[in-house]
Amino acid sequence: MGKATIIERQMRFQELLIQISTTYINSDLSDIDHLINTSLKQIGQFVGADRSYIFSYNFNNNTTSNSYEWCANGIKPEIHNLQDVPLSHIPQWLDAHKKNEPFYVENVSLLPRDGEFGLRAILEPQGVKSLITIPKINNNELIGFIGFDSVKKLNTYTNNEKEILFVYANMLVNVIKRKENEEHIQEQERKKEELLLDLSEKNKQLNEYAHAVSHDLKAPLTNVHTLVSWFLDENKEQLSPKVLDNFKMVLSNVEKMDLLIKGILDYSTIDRLESQEIKVNLNQLVNEVIKTIFVPDHITINIQNTLPNLIGNNWRFRQVFQNLITNAINYNNKPKGVINIGCTNKDNHYKFYVQDNGAGIKAEYFERIFKAFNKLHNTGSNSGIGLSIVKKIISHYKGEIWVESEVGKGSTFYFTLLKK
3 MGKATIIERQ MRFQELLIQI STTYINSDLS DIDHLINTSL KQIGQFVGAD
53 RSYIFSYNFN NNTTSNSYEW CANGIKPEIH NLQDVPLSHI PQWLDAHKKN
103 EPFYVENVSL LPRDGEFGLR AILEPQGVKS LITIPKINNN ELIGFIGFDS
153 VKKLNTYTNN EKEILFVYAN MLVNVIKRKE NEEHIQEQER KKEELLLDLS
203 EKNKQLNEYA HAVSHDLKAP LTNVHTLVSW FLDENKEQLS PKVLDNFKMV
253 LSNVEKMDLL IKGILDYSTI DRLESQEIKV NLNQLVNEVI KTIFVPDHIT
303 INIQNTLPNL IGNNWRFRQV FQNLITNAIN YNNKPKGVIN IGCTNKDNHY
353 KFYVQDNGAG IKAEYFERIF KAFNKLHNTG SNSGIGLSIV KKIISHYKGE
403 IWVESEVGKG STFYFTLLKK
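Counting from 1 along the sequence shown, just add 2 to a position and that's the residue number in the numbering used here.
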């Protein structure tokens, strides 16, 4: 073969490799087996091999297995016979691969006869006359090899061809690794989706359970309150002050329990509520809320600017403002309490605030107060669920809620709602 012919062959070999590489890069790897088998055929035919293949090393079991194979017409496949081959059968090329070198046998018939498990005894029954195997290295770790068998004739590989086969081996490593990464990401996404669905179902079941239990508890609690009230009305003149105080304590605790159950019902209703999304006039809604709650004479409530109209559920929005305003009233310890309600127009959302000049909150409690059953003061008028209801509703509408406060000077609760 002349020098010009050798150069031309090397150029064509490199062009073939570039073509295969481009195919790998542009493919979504949904059919990686087809891509690899096609490239094994292309490379095998170019170098004049009759069988090309890929093996993986398993150093835990000290075996190697054939994972991909291409055979020319008339050549018997061997992939099913070459699974879990002991590494002790191929020490020569394993040693070469560990050094990141190819293992090349130009003429199998010249190999020594080294027993029934020797290399010659393995290759000759497969009709192999020549072969070359190239190690696959991933992150400096030997993971397998590619190989090319010549069955019909002896085959010679130049150093340049060996180098090109090394490039091809690296391409295979990268494409398989890319496929594994994609499969790993898909598996993680699948598990994440399953987890979210499972959590959603568990939350739904938990809310339904809380709703059912709370609803069932209200009837006997109402009966207890009614019976105690009737008993006091009919017998209070005959009861001592101490007994009367005890009965009043019973009524007080029943009322606290009723308030707590109402809070649980409200909390569990948020997700159960049918989506009745309408345009809600928040100015009208807030004024209605103020009229329906008890506002002591020493507290003034100001709506500082015009609140917007928003698409949403009227009950949910009412719960937000009712709980925030009620909290601002309950925790105001000033002789003249002031509550300011307002809104700032942002690019894609509205930023609302409910501000008071009350007792204030320590910074270490800023996160805790939004969790269910957490309250800073043990009062009968507070179930400890109000702010958790507010947070759940704001989260439902993809908004955020937070508090800024200074002890003794008051608190401002901010929350955002998207315009659309």
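Using N, Cα and C, we set each Cβ at its ideal position, and we do this for glycine too.
In this text the structure is predicted, and so the values were computed from the model without any measurement.
Pairwise C-alpha distance: residue j and residue i
i: N347; j: K338; result: 30 Å
i: N342; j: R192; result: 47 Å
i: V392; j: W317; result: 12 Å
i: E17; j: F48; result: 11 Å
i: E103; j: M13; result: 23 Å
i: I175; j: K138; result: Ile is not the amino acid found at residue 175; the sequence shown has Val there. C-alpha separation (whole angstroms): 7 Å.
i: L223; j: R370; result: 29 Å
i: N75; j: K179; result: 31 Å
i: T228; j: Q240; result: 19 Å
i: E290; j: G401; result: 23 Å
i: E80; j: S111; result: 20 Å
i: V169; j: Q128; result: 27 Å
i: V256; j: N334; result: 25 Å
i: R122; j: N183; result: 38 Å
i: D349; j: L312; result: 15 Å
i: R115; j: S132; result: 16 Å
i: E108; j: N162; result: 16 Å
i: F119; j: Q190; result: 44 Å
i: D97; j: R11; result: 31 Å
i: K164; j: D200; result: 53 Å
i: Y352; j: H186; result: 40 Å
i: K78; j: E203; result: 55 Å
i: H398; j: F319; result: 11 Å
i: L84; j: N62; result: 18 Å
Status (buried if at least 16 other CB within 10 Å, exposed otherwise) for residue i
i: G382; result: In this prediction, G382 scores a pLDDT of 47, lower than 50, which makes its location untrustworthy; the coordinate-derived value is nonetheless stated afterwards. The residue in question, G382, is exposed, as its Cβ has fewer than 16 Cβ neighbours within 10 Å.
i: E71; result: buried
i: Q321; result: buried
i: F15; result: buried
i: W95; result: buried
i: T294; result: exposed
i: G388; result: buried
i: K508; result: This structure cannot settle anything about residue 508, because the visible part of the chain is limited to 3 through 422.
i: F296; result: exposed
Own chain partners of residue i with C-beta closer than 8 Å, once the 5 adjacent residues on each side are dropped
i: G410; result: A361 and G362
i: N285; result: I305, T308 and L309
i: S54; result: L42, K43, I45, G46, E71, W72, I148, G149, F150 and D151
i: I145; result: S58, Y59, K138, I139 and V175
i: L246; result: L234 and K238
Assigned secondary structure, residue i (DSSP; H/G/I helix, E/B strand, else coil)
i: F147; result: strand
i: E71; result: strand
i: V153; result: coil
i: I9; result: helix
i: P93; result: helix
i: S111; result: helix
i: K138; result: strand
i: Y333; result: coil
i: Q357; result: strand
i: I387; result: coil
i: I327; result: helix
i: Y159; result: coil
i: N350; result: coil
Contact set for residue i: own chain, Cβ-Cβ below 6 Å, skip 5 residues either direction
i: T414; result: Y355, Q357 and E406
i: I22; result: S41
i: S69; result: I56 and S58
i: L125; result: V110
i: I34; result: K181
C-beta contact flag for residue i and residue j at 8 Å
i: S390; j: F417; result: no
i: I148; j: I166; result: no
i: K154; j: D52; result: yes
i: I292; j: I331; result: no
i: Y26; j: L37; result: yes
Min CB distance residue i to chain B below 8 Å
i: N237; result: The structure shown contains no chain B; it holds only a single protein chain.
Same chain, Cβ closer than 7 Å to residue i, five either side skipped, listed in chain order
i: E279; result: I313, G314 and N315
i: K194; result: none
i: V288; result: I305, L309, F323 and I343
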